[in-house]
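Residues 62 to 357 in this note's numbering are what the sequence shown spells out, letter by letter. All residues carry an ideal CB built from backbone N, CA and C; glycine is no exception. Below you'll find the structure, written out as structure tokens, and then a few comments.
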Amino acid sequence: CSSLLNGRTSKRNPDGSLSLPNENLSKLKGDVMYHLALDNLNFDLPALYGDVKFVVMGGTKYRMREFACYVAELLGLPKDPKSVNHTKASQRFAMYKIGPVLSVSHGIGIPSMTTVLQELIKVMFYAKAKDPIFIRLGTSGGLGIPPGSVVVSSFGLSGTLEKTYELPVLGVIRKWPSYLDKRLSEELVCSASNFDEFKTYVAGTMGADDFYRGQGRLDGPLCDYSEADKMAYLDKLASLGVKNIEMEANAFAAITGEAGVRASIACVTLVDRLQGDQVRKTSAPILKFQIFEIDK
Ligand code: R2B
Ligand code: URA
62 CSSLLNGRTS KRNPDGSLSL PNENLSKLKG DVMYHLALDN LNFDLPALYG DVKFVVMGGT
122 KYRMREFACY VAELLGLPKD PKSVNHTKAS QRFAMYKIGP VLSVSHGIGI PSMTTVLQEL
182 IKVMFYAKAK DPIFIRLGTS GGLGIPPGSV VVSSFGLSGT LEKTYELPVL GVIRKWPSYL
242 DKRLSEELVC SASNFDEFKT YVAGTMGADD FYRGQGRLDG PLCDYSEADK MAYLDKLASL
302 GVKNIEMEAN AFAAITGEAG VRASIACVTL VDRLQGDQVR KTSAPILKFQ IFEIDK
């Protein structure tokens, strides 16, 4: 099937499995997903991952392990997913499977995240998983909203303020659109309305290539602009419909979009960047857990 879903070209087969457009894959004798320590010759990927419905990704191994345990509890699954890290052999990331949910860490920043994301898309392809949904659960800095708020991204903005993901390919800068699945975002926001400890917004998310100057911070080891420059920049981002800044959104949106995978991003905000730059321990109960107990 090749229909347009919210502006995303679907590359899925009639049964919902992915149909990747890279013909080189069919010529490989075997395909190694090196950073996940998986391949399609020595592992029966359809048996292992064919039932996956949700691939949930987030920065740290610890958070994704805790998320796996949380999902196991929700689904009433007895097995402790802590003990089975499917990518242990790679020593890079962590991946837990709890029924139809994969919980996978991706590290910091676009290059780390896109490496895992692309290998996971191939795993879903070889596994013939039906209509897999990819979700990034992350942390971010907010713009004018209280720490602890959640932002579900409608689009990812690049460091040059475009709704694109840019990558040099064969020596030439290429750009892809970076929108997320509208219906899925609406579904996430709807589920979040069950919680009243925090507010959830749908807005643009900037995917910065750096935590310090790339996010207009004044507290890095190097800084060559003023507080007024920083505030003008953050105001500009807000005027473009951006409510939070993290380090992967535009690439996550673009790659899932191009692969025909429904995807969404939900990030908690750890700091209001209009008030400051430092991510500190806070009194917000939701964040105490997030910053200093899971992410250590
Ligand atoms: C949010 O937090 C990380 C940086 O602290 C980065 O991975 C991101 O997007
Ligand atoms: N992660 C980011 O990338 N930025 C922040 O301000 C907080 C978390």
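Inset, instruction - Could you check what DSSP says for ASP290 in three-state terms: helix, strand or coil? - result: helix
Legend entry - Beta-ladder partner(s) of TYR157, from DSSP: SER164
Legend entry - Cα-Cα separation between GLU223 and ILE316, rounded to whole angstroms: 16 Å
Inset, instruction - May I ask whether a heavy atom of the ligand URA can be found less than 7 Å away from the beta carbon of ARG334? - result: yes
Inset, instruction - Could you work out which residue in HIS167, LYS158, ARG334, ALA310 is closest to SER215 when comparing CA atoms only? - result: ALA310
Legend entry - Which of helix, strand or coil DSSP assigns to SER63: Caution is warranted here: a pLDDT of 42 is assigned to SER63, below 50, making its placement in the model unreliable, and the coordinate value is therefore given only provisionally. Of the three classes helix, strand and coil, the one that applies to SER63 here is coil, per DSSP.
Inset, instruction - Within 10 angstroms of the Cβ of LYS183, are there 16 or more other Cβ atoms? Answer buried if so, exposed if not. - result: buried
Legend entry - CA-to-CA distance, GLY277 to SER254, given in whole angstroms: 31 Å
Inset, instruction - Determine the contact status of MET185 and PRO193, defining contact as a CB-CB distance below 8 Å. - result: yes
Inset, instruction - Determine, using beta-carbon pairs with one atom in the stretch 288-308 and one in the stretch 240-253, whether at least three such pairs fall under 8 Å. - result: no
Legend entry - 8 Å Cβ cutoff met for SER201 and THR266: yes
Legend entry - Per-residue DSSP class, three states only, for ASP296: helix
Inset, instruction - Report the rounded CA-to-CA distance for CYS62 versus LEU79, giving the unit in angstroms. - result: Low confidence applies to CYS62: its pLDDT is 38, below 50, so where it sits in the model is not reliable enough to give any reading.
Inset, instruction - Entirely within the stretch 158-228 and at least 4 residues each: give me those alpha helix (DSSP H) ranges in chain order. - result: 171-188
Legend entry - Among PHE154, ASP92, GLY203, nearest to LEU295 - alpha-carbon criterion: GLY203
Inset, instruction - Kindly list the residues whose CB is nearer than 8 Å to the CB of PHE154, restricted to its own chain and excluding five residues on each side of it in sequence; keep chain order. - result: HIS96, LEU97, LYS122, THR148, VAL165, SER166, HIS167, GLY168, VAL177
Legend entry - Touch test, the stretch 319-326 against the stretch 78-94, Cβ-Cβ under 8 Å, three pairs minimum: yes
Inset, instruction - Report the residue from ALA133, GLY220, VAL211 whose alpha carbon sits nearest the alpha carbon of VAL263. - result: VAL211
Legend entry - Coarse secondary structure for CYS251, derived from DSSP in three states: helix
Legend entry - Buried versus exposed, by CB contacts within 10 Å (16 or more), LYS357: Unreliable placement is indicated for LYS357, whose pLDDT of 36 sits below 50; the coordinate value is still reported in the next sentence. So LYS357 ends up on the exposed side.
Inset, instruction - For PHE195, collect the residues of the same chain with a Cβ closer than 6 Å to its Cβ; drop the 5 residues on either side in sequence, then sort them by chain order. - result: VAL116, THR317, VAL322, ALA324
Inset, instruction - Tell me PHE115's beta-bridge partners as DSSP assigns them. - result: VAL162, ILE194
Legend entry - Assigned secondary structure, GLY91 (DSSP; H/G/I helix, E/B strand, else coil): coil
Inset, instruction - Closer than 7 Å by C-beta to ASP338: which residues in its own chain qualify, once you throw out the five before and the five after it? Chain order, please. - result: ARG278, LEU279, ASP280
Legend entry - Beta-carbon spacing of GLY217, PHE313 below 8 Å: yes
Legend entry - Paired residues, beta bridge with VAL233 - DSSP: VAL230
Legend entry - Closer than 7 Å: MET267 CB and nearest the ligand R2B heavy atom: no
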